[in-house]
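In what follows, a single structure is set out as structure tokens and then discussed.
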Amino acid sequence: MNSIVTVGKKFIKLEYVRKLVVGKLKGFCLVFNAQESTMSQLSLSDQYVTDIKKFIPKLTSDLRKGQCGRIGVIGGSAEYTGAPYFSAISALKLGADLVYVFCCKAAAPVIKSYSPELIVLPILDDKDVVQKIESWLPRLHALVIGPGLGRDPDILQNVTAIINYCSEKVKPLLPLVIDADGLYVVQNNISLIQKYTGPVILTPNGIEYCRLSSSLSLSDPLQIATSLNSVVLHKGSSDVIVNGISNMKLNLTLQNVLIKCDVTGSVRRCGGQGDILSGCIATFVAWYELHRRNNQSLEGNSKDCNQDNLNYFKTNLLGYSLSCYAGCVLTRTCSRLAFKEFGRSMTASDMIPFINKAFESNFGE
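In structure tokens:
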């Protein structure tokens with residue numbers, strides 16, 4: 001058997017997806033024992049977009065507020081107010097109906113001043129934060145944890161308590177998108193995510209990936225994702241998405257495990273792009289969750305239920321990987337468009353107005 005992995009439009013033998021020269025980790029190796037599969041005439045990237053479109057909600061006059069997604073963002077401290085804003089406003093501009101920001105008191109007035117459209121709740125530094133947030137959590141379809149969180153020990157302890165509460169009490173299961181200092185919480189308490197009952201997406205950059213790798217004493221990305229029972233999106237010059245959610249193993253094919261996004265972005269590395277990505281991913285995850293729940297509620301009703309869609313997502317649970325891919329495509333396109341307009345002076349704020357154009361160019365209206 002050869003080690004084969006799908007990358008773009010080709011099947012190639014792959015020893016190293018990306019070389020990392022960070023710390024002691026020189027590179028990570030993908031080792032899959034899989035037979036080479038046949039590809040349809042449709043390229044994988046086109047197929048991903050086709051599948052993503054299946055769970056993007058159609059805008060109709062029958063929709064009610066909230067049916068296109070309610071997103072939560074946990075983050076925001078006295079030092080960092082921009083990060084949670086970028087995550088939240090990106091989710092809103094992509095098409096989520098409501099976005100809630102759960103932040104520290106010192107951050108709330110600043111975040112509120114950025115946008116009147118965000119619902120800002122300054123409760124993250126309260127000792128009884130779980131009691132104050134518990135009524136909000138069941139309303140959400142996805143929760144981002146980490147943008148601008150900081151590393152205050154009391155705040156991190158509160159975040160840990162919230163994650164535990166979500167795992168034990170919140171129904172339906174709440175998907176988490178964890179980035180930035182949220183990953184710091186994870187690397188110092190691996191079991192927190194390993195025992196989480198719902199889907200988890202981790203979005204580390206190169207350095208954050210190495211820290212996770214070190215915490216687990218693992219270097220292989222599939223082993224890391226499987227150990228964490230999560231989808232791991234390793235951000236870099238190409239974004240590599242590895243799905244380790246155990247339910248995937250019900251019907252595992254190689255291309256379902258690893259997805260690579262190398263859509264052209266920009267060479268600008270201004271802060272805030274990862275925060276925009278987290279908000280976009282959360283919105284796509286929310287749309288997938290709403291699509292999946294709706295199809296499950298209609299299961300057995302052949303008149304209303306698209307059985308092909310239901311079987312595809314229920315069996316493979318690819319929606320979490322596809323949501324990551326969609327977020328990567330959108331963020332990279334925004335970055336490219338903003339850089340074309342602003343060049344070296346481009347900042348994350350310049351990307352926000354391009355979200356709709358980037359969405360339409362990749363996924364239609």
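In UniProt numbering, the protein residues as written are 1 to 365.
We treat Cβ as the ideally placed atom computed from N, Cα and C, and that holds for glycine.
Only a predicted model underlies this, so the values are computations on that prediction, with no experimental measurement involved.
When DSSP labels each residue in this structure, what does residue i get in the three-state scheme?
i	result
Tyr80	coil
Asn243	strand
Tyr196	coil
Arg293	helix
Leu92	helix
Arg268	coil
Ala107	coil
Ser230	coil
Ile119	strand
residue 422	This structure gives no information on residue 422, because the portion of the chain shown stretches from 1 to 365.
Lys112	helix
Arg139	helix
Phe284	helix
Glu208	helix
Phe55	coil
Gly279	helix
Leu218	coil
Ser191	helix
Going along the chain, which residues of its own chain have a beta-carbon closer than 7 Å to the beta-carbon of residue i, five neighbours each way excluded?
i	result
Ser215	Gln187 and Ile190
Pro109	none
Gln223	none
Ile111	Gly76, Thr81, Pro84, Tyr85, Val101, Cys103, Leu118 and Val120
Please determine, among the options, the residue with the shortest C-alpha to C-alpha distance to residue i.
i	options	result
Tyr85	Gly69, Phe102 and Asp97	Phe102
Arg336	Ile352, Leu322, Cys324 and Ser323	Ile352
Asn294	Pro204, Phe55, Glu365 and Val99	Phe55
Leu82	Ala180, Ile133, Leu173 and Ala142	Sequence inspection shows Gly at residue 82; the Leu mentioned does not correspond to that position. Among Ala180, Ile133, Leu173 and Ala142, the Cα nearest to that of Gly82 is on Ala180.
Ser237	Val329, Ser230, Ser217 and Ser213	Val329
Leu124	Ala161, Ser90 and Ala96	Ala161
Arg292	Asp46, Ser87, Ile276 and Pro57	Pro57
Thr197	Lys65, Ile276, Ile119 and Leu174	Leu174
Tyr114	Ile133, Gly76 and Ser135	Gly76
Gln273	Ala78, Thr60, Asp46 and Ser90	Ser90
Gly244	Arg269, Leu202 and Thr283	Leu202
Asp154	Asp128, Gln67 and Leu94	Asp128
Return the first residue and the last residue of the beta strand (DSSP E) that residue i is part of.
i	result
Cys261	Leu258 to Cys261
Phe102	Leu98 to Phe102
Val73	Arg70 to Ile74
Val144	Ala142 to Ile145
Leu176	Leu176 to Ile178
Taking 6 Å as the limit between beta carbons, can you name the residues of its chain near residue i, skipping five residues before and five after?
i	result
Gly265	Arg332, Ser335 and Arg336
Lys235	Asn205
Val200	Leu176, Ile193 and Ser230
Tyr288	Phe55, Gly319 and Ser323
Asn356	none
Could you check where the alpha helix (DSSP H) with residue i kicks off and where it finishes?
i	result
Val329	Gly319 to Phe342
Ala222	Here residue 222 is Leu; the residue named in the question, Ala, does not match the sequence. Unbroken alpha helix (DSSP H) run through Leu222: Pro221 to Ser227.
Pro153	Pro153 to Lys169
Leu183	Asp181 to Gln187
Met346	Looking at the DSSP string, Met346 is not in any alpha helix (DSSP H), and its letter there is neither H nor E.
Glu360	Ile355 to Phe363
Ile133	Val129 to Ile133
Contact defined as beta carbons within less than 8 Å: I believe residue i pairs with residue j. What is the distance between those atoms, to the nearest angstrom?
i	j	result
Ala142	Val177	6 Å
Leu258	Tyr48	Not confirmed; about 12 Å, so no contact.
Ser87	Ser278	5 Å
Arg64	Leu98	With a Cβ gap of about 11 Å, Arg64 and Leu98 do not count as contacting.
Tyr325	Ile241	6 Å
Val130	Ile145	About 14 Å separates the two Cβ atoms, so there is no contact after all.
Gly327	Cys270	At roughly 18 Å, the Cβ-Cβ gap does not stay under 8 Å, so Gly327 and Cys270 are not in contact.
Trp136	Gly72	7 Å
Leu94	Phe359	7 Å
Spatial neighbours of residue i within its chain, please: C-beta separation below 8 Å, excluding the five flanking residues on both sides.
i	result
Asp350	Ala338, Glu341 and Phe342
Ser167	Lys195, Tyr196, Thr197 and Gly198
Ala348	Gly82, Phe86, Cys270, Gly271, Gly272, Gln273, Asp275 and Ile276
Counting contacts by CB-CB distance shorter than 8 Å, is residue i in contact with chain C?
i	result
Phe339	In the structure shown, chain C cannot be found, because there is only a single protein chain.
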